[in-house]
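Engineer: The letter at position 189 of the sequence shown is residue 210 when you use the working numbering, and the numbering goes up by one with no holes.
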Amino acid sequence: MEQFQAHQLAPQGATRPALAVVQVDGGRLQLRGEGDGPGAHDAAWREDKVSMLATAAVQTFTSDPEPDLPEGFRDRKYVEALVRGMGGVGPLSDSDPPAEDPPGAGPTAAEQDGQSRAHHAPELWVRTSVASTCAGDAFGPMVAAEAERRHFRAATHRVFVGDGAAWIWKLQRQYFPGFPAIVDILHVLTPVFAAAQAAASAPAACWALFQTWAEACWQGRVAHIIEQLHALRDEAESLSEAEAKSLPDTDPRTVLLQTLGYLEHNRDRMDYPRYRQEGLPMTSSYVESTVKRFNR
22 MEQFQAHQLA
32 PQGATRPALA
42 VVQVDGGRLQ
52 LRGEGDGPGA
62 HDAAWREDKV
72 SMLATAAVQT
82 FTSDPEPDLP
92 EGFRDRKYVE
102 ALVRGMGGVG
112 PLSDSDPPAE
122 DPPGAGPTAA
132 EQDGQSRAHH
142 APELWVRTSV
152 ASTCAGDAFG
162 PMVAAEAERR
172 HFRAATHRVF
182 VGDGAAWIWK
192 LQRQYFPGFP
202 AIVDILHVLT
212 PVFAAAQAAA
222 SAPAACWALF
232 QTWAEACWQG
242 RVAHIIEQLH
252 ALRDEAESLS
262 EAEAKSLPDT
272 DPRTVLLQTL
282 GYLEHNRDRM
292 DYPRYRQEGL
302 PMTSSYVEST
312 VKRFNR
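1. Using only CA atoms, which one of R174, H178, A202 lies nearest to A186?
2. For the alpha helix (DSSP H) containing H208, list its first residue and its last residue.
3. Would you list the residues sitting across from T76 in a DSSP beta bridge?
4. At what residues does the alpha helix (DSSP H) containing H251 begin and finish?
5. Return the Cβ separation of R297 and E92 in integer angstroms, given the expectation that the two are a contact with Cβ distance under 8 angstroms.
6. So what's S153 in DSSP terms, helix, strand or just coil?
7. What three-state label does DSSP hand H172 in the structure shown?
8. Under 8 angstroms: do the region 289 to 308 and the region 224 to 233 share three or more Cβ pairs, one atom per stretch?
9. With F231 as the anchor, note down where its beta strand (DSSP E) starts and where it stops.
10. Excluding the 5 residues flanking A219 on each side, which residues of the same chain have their C-beta closer than 7 angstroms to its C-beta?
11. Start and end of the alpha helix (DSSP H) containing R194?
12. Have a look at K191 and K98 and give me their C-alpha separation to the nearest angstrom.
13. Using only the alpha-carbon positions, how far apart do S306 and Q249 sit?
14. Run through DSSP, which three-state label would F94 get?
15. Taking the continuous alpha helix (DSSP H) assigned at G282, which residues delimit it?
16. How big is the Cα-Cα spacing for P269 and H286?
17. Do you know how far the Cα of A75 is from the Cα of A366?
18. Please state the DSSP three-state secondary structure of L268.
19. Pull up the distance between the alpha-carbon of F181 and that of S267, whole angstroms please.
20. Can you give me the C-alpha to C-alpha distance between Q279 and P212, rounded to a whole angstrom?
21. Who are the Cβ neighbours of A223 in its own chain at under 6 angstroms, not counting the five residues just before and after it?
22. Report all residues from its chain with a CB closer than 7 angstroms to the CB of P198; omit the five preceding and five following residues, and keep chain order.
23. Please work out which residues of its chain come closer than 6 angstroms, Cβ to Cβ, to G300, disregarding the five sequence neighbours upstream and downstream, and give them in chain order.
24. Going by other Cβ atoms of all chains shown within 10 Å of its Cβ, with 16 needed for buried, is Q195 buried or exposed?
25. Measure the CB-CB distance between Q167 and V151 and report whether it falls below 8 angstroms.
26. State the beta-bridge partners of V180 as determined by DSSP.
27. How many whole angstroms separate the CB atoms of V243 and V71, which I take to be in contact at a CB cut-off of 8 angstroms?
28. According to DSSP, what are the bridge partners of G48?
29. In chain order, what residues of the same chain lie with their CB nearer than 8 angstroms to the CB of P294, ignoring the 5 residues before and after it?
30. Could you give the residue range of the alpha helix (DSSP H) that holds R297?
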């Protein structure tokens, strides 16, 4: 990293990657206290930051190869399991909870997630990882140094994928400005599902609204959702800034405002038809699985 910061780090190897993929995420792990001998003493939770850097094959298309929302996102049981696992969002009806599948009964949620992703996602070749418990400002140079070492800036195609967290986009702007930024579509659908719950009380109406919004996300029509969320916000009782801040996180008005803010903040990173056409990944699932391996 010192060589990178001194502008003395030379790329290793002359191969120019076809596609360079950088994904960044954060997690939590439990660390033991230092200097207390064998055993876990004074264990405490810490946040860590992980980046997965990969070269990949790339296949471009003359038009969107998958314009329709995948069938996986039409499956209510799967979607409820997905958003519950990613964002703690509950099912549409408390009286109809998703049943637990016995071992060997069928695909796991992770397997279904893989099946429901775009079928034209690039095949990753060589992966390396960077991980640390340091602050985001210190983590950025570590990721950039690894990208420089692997000749990523010379790649024919480049992409940076994250879940929408502000610190991740700050890192991207500072160290990877030439890498198009994509917000993971699975993380987008989680607050969209929560907003549908907040906007429609009946389970059937909520599911129908989510389907409309999920399809709009998939087809890059996020402006349509933002417009509808603005209308729903305007219909709600007018609140002062102080009153809005005092609302619980579960209040429907809070949920709508949070989803609206998330979509407005990330709308320029949600051109999914173009990403599919250019053969780019649309989820950060690779780095999320890397985080789980690091934090076991």
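All residues carry an ideal CB built from backbone N, CA and C; glycine is no exception.
Structural biologist: Reading it off the structure:
1. On the sequence shown, position 165 is the one that residue 186 refers to. When only C-alpha atoms are compared, the closest one is A202.
2. Here residue 208 refers to the residue found at position 187 when the sequence shown is read from its first residue. Note, H208: alpha helix (DSSP H), 206 to 220.
3. Numbered from its first residue, the sequence shown carries residue 76 at position 55. According to DSSP, T76 bridges with A41.
4. Counting from 1 along the sequence shown, the entry for residue 251 is found at position 230. Taken as a continuous stretch (DSSP letters only), the alpha helix (DSSP H) holding H251 covers 243 to 256.
5. As a working note, residue 297 is residue 276 in the sequence shown. As a working note, residue 92 is residue 71 in the sequence shown. About 16 angstroms; that fails the 8 angstroms criterion.
6. For the purposes of this step, residue 153 is taken as the residue at position 132 of the sequence shown. If DSSP states are grouped into helix, strand and coil, S153 belongs with the strands.
7. Taking the sequence shown and counting its residues from 1, one reaches residue 172 at position 151. It is coil, neither helix nor strand.
8. no
9. As a working mapping, residue 231 is identified with position 210 in the sequence shown. No beta strand (DSSP E) contains F231, which is instead part of the alpha helix (DSSP H) from 224 to 239.
10. Here the question's residue 219 lines up with position 198 in the sequence shown. Same-chain partners within the cutoff: P273, V276, L277.
11. In the sequence shown, residue 194 corresponds to position 173, counting from 1. 187 to 196 is the extent of the alpha helix (DSSP H) around R194.
12. Position 170 of the sequence shown, counting from 1, holds the residue named residue 191. Position 77 of the sequence shown, counting from 1, holds the residue named residue 98. Approximately 35 angstroms, taken between the alpha carbons.
13. Stepping through the sequence shown from its first residue, residue 306 is reached at position 285. Stepping through the sequence shown from its first residue, residue 249 is reached at position 228. Cα-Cα distance, rounded: 29 angstroms.
14. Here the question's residue 94 lines up with position 73 in the sequence shown. DSSP places F94 in helix when its eight states are reduced to three.
15. Within the sequence shown, the letter at position 261 stands for residue 282. Counted as a single uninterrupted DSSP element, the alpha helix (DSSP H) harbouring G282 occupies residues 273 to 287.
16. As a first step, residue 269 is located in the sequence shown; it is residue number 248 there, counting from the start. As a first step, residue 286 is located in the sequence shown; it is residue number 265 there, counting from the start. So the two alpha carbons sit approximately 22 angstroms from each other.
17. Because the chain here runs from 22 to 317, residue 366 falls outside it and cannot be looked at.
18. The count along the sequence shown starts at 1 and reaches residue 268 at position 247. It is coil, neither helix nor strand.
19. Along the sequence shown, one-based indexing puts residue 181 at 160. Along the sequence shown, one-based indexing puts residue 267 at 246. For F181 and S267, the distance between alpha carbons rounds to 36 angstroms.
20. Position 258 of the sequence shown, counted from the start, is the residue given in the question as residue 279. Position 191 of the sequence shown, counted from the start, is the residue given in the question as residue 212. Approximately 8 angstroms between the Cα atoms of the pair.
21. Numbered from 1 along the sequence shown, position 202 holds the residue referred to as residue 223. Nothing listed; no residue qualifies.
22. Sequence index remark: in the sequence shown, residue 198 carries index 177 (1-based). Cβ neighbours of P198 beyond the five flanking positions: none.
23. Counting from one through the sequence shown, the residue named residue 300 turns up at place 279. Answer for G300: V79, Q80, T81, P143, listed in chain order.
24. Within the sequence shown, the letter at position 174 stands for residue 195. Q195 comes out exposed.
25. The count along the sequence shown starts at 1 and reaches residue 167 at position 146. The count along the sequence shown starts at 1 and reaches residue 151 at position 130. According to the sequence as given, residue 167 is Glu; it is not Gln. Against a cut-off of 8 angstroms, the Cβ pair of V151 and E167 comes out as a contact.
26. Working through the sequence shown from its first residue, we reach residue 180 at position 159. V42.
27. Stepping through the sequence shown from its first residue, residue 243 is reached at position 222. Stepping through the sequence shown from its first residue, residue 71 is reached at position 50. In fact, because the Cβ distance is near 27 angstroms, the residues do not count as touching under 8 angstroms.
28. Indexing the sequence shown from 1 puts residue 48 at position 27. Beta-bridge pairing links G48 to D69.
29. Sequence index remark: in the sequence shown, residue 294 carries index 273 (1-based). Here the set comprises D85, P88, Q240, G241.
30. By one-based count along the sequence shown, residue 297 stands at place 276. Residues 293 to 298.
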